Amino acid sequence: AAGIQDEDIVVDVEKTVVYISIADKLLFKSGSATVSEKAKAVLGKVATVISSRPDMEVQVEGYTDNVSISTATMKDNWDLSTARATSVVRVLQGDFSIDPRRLIAAGRSEYVPLESNDTPQGRATNRRTRIVILPKLEQFFDILEQKP
Numbered sequence: 076a077a078g079i080q081d082e083d084i085v086v087d088v089e090k091t092v093v094y095i096s097i098a099d100k101l102l103f104k105s106g107s108a109t110v111s112e113k114a115k116a117v118l119g120k121v122a123t124v125i126s127s128r129p130d131m132e133v134q135v136e137g138y139t140d141n142v143s144i145s146t147a148t149m150k151d152n153w154d155l156s157t158a159r160a161t162s163v164v165r166v167l168q169g170d171f172s173i174d175p176r177r178l179i180a181a182g183r184s185e186y187v188p189l190e191s192n193d194t195p196q197g198r199a200t201n202r203r204t205r206i207v208i209l210p211k212l213e214q215f216f217d218i219l220e221q222k223p
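Our numbering applies: residue 76 is where the sequence shown begins, and numbers increase by one.
Below, the structure written as C-alpha cells:
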C-alpha cells in the first residue's frame, strides 16, 4: 500500500490478506466514534487501496483499551469498538463510494490488546482500528483448494 506513510499507520501483507492498522488518535477524539475530518484523508488513501481490489472484502475492526466507558450512547467498550468500526465503514461507503456489500463492521472491545494496558503508551497502542482487506469467502476456499 504505497503512499500511506505515517507512524500511526501500520500496513502488513500476509499472503492474500492486507492488514492496515490505524491508531485511534488519528481517527477519533477520546471516547468518540465520530471520524475526524483530518482522518478522512487517511481513509481516502485506504479507500484507494480498497478500490484497486474490487474482488476483495473489507473488514473494519475496532479495538479499545481496558478503560471502561459508560455514557448515554456507549454502554461499554463493545459499544465503542463497534460504533467506531461502523463510523469508518460509513465513511468508506459515503465519502469514497466503496460498495457496502464489500464492507464488514466488527468490534473487538478491549479483549485483544497488543500491549499491556498498564501504561498510557500501551493503552494508546491498544486503541486502534484495523482494516483487513481479504478475499471473499468463496474465493478463499478456492485458494485453499488449489494444489501448490
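We put the beta carbon where it would ideally sit given N, CA and C, even for glycine.
All values derive from a computational prediction rather than experimental measurement.
Contact under 8 Å by Cβ, residue i with residue j
i, j, result
"Leu167", "Leu178", "yes"
"Ala98", "Ala199", "yes"
"Arg159", "Phe103", "yes"
"Asp140", "Glu185", "yes"
"Val163", "Thr194", "no"
"Val121", "Ile206", "yes"
"Phe171", "Gly106", "no"
"Tyr138", "Arg176", "no"
Rounded straight-line distance, which links the Cα of residue j to that of residue i
i, j, result
"Ala76", "Pro188", "Annotation note: pLDDT 43 at Ala76 (below 50); position unreliable, coordinate value reported separately. Spanning the two alpha carbons is a distance of roughly 25 Å."
"Leu101", "Val117", "8 Å"
"Arg202", "Ile144", "13 Å"
"Ile84", "Tyr94", "10 Å"
"Leu219", "Pro210", "11 Å"
"Gln221", "Gln196", "43 Å"
"Val88", "Ser126", "17 Å"
"Lys90", "Trp153", "30 Å"
Presumed contact (8 Å Cβ cut-off) between residue i and residue j, rounded CB distance
i, j, result
"Glu136", "Ala181", "5 Å"
"Ile208", "Val110", "At roughly 19 Å, the Cβ-Cβ gap does not stay under 8 Å, so Ile208 and Val110 are not in contact."
Continuous alpha helix (DSSP H) stretch holding residue i: start and end
i, result
"Ala158", "Asn152 to Gly169"
"Ile125", "Glu112 to Ser126"
"Asp193", "That residue, Asp193, is in no alpha helix (DSSP H); it is neither H nor E in DSSP."
Residue i: first and last residue of the uninterrupted beta strand (DSSP E) it sits in
i, result
"Pro210", "Arg203 to Pro210"
"Leu178", "Leu178 to Gly182"
"Asp87", "Ile84 to Glu89"
"Ser172", "Here Ser172 belongs to no beta strand (DSSP E), and DSSP marks it neither H nor E."
"Val135", "Met131 to Tyr138"
"Tyr186", "It is not in any beta strand (DSSP E) - Tyr186 carries neither H nor E in the DSSP assignment."
Min CB distance residue i to chain E below 8 Å
i, result
"Ser172", "The displayed structure is made up of one protein chain only, and chain E is not part of it."
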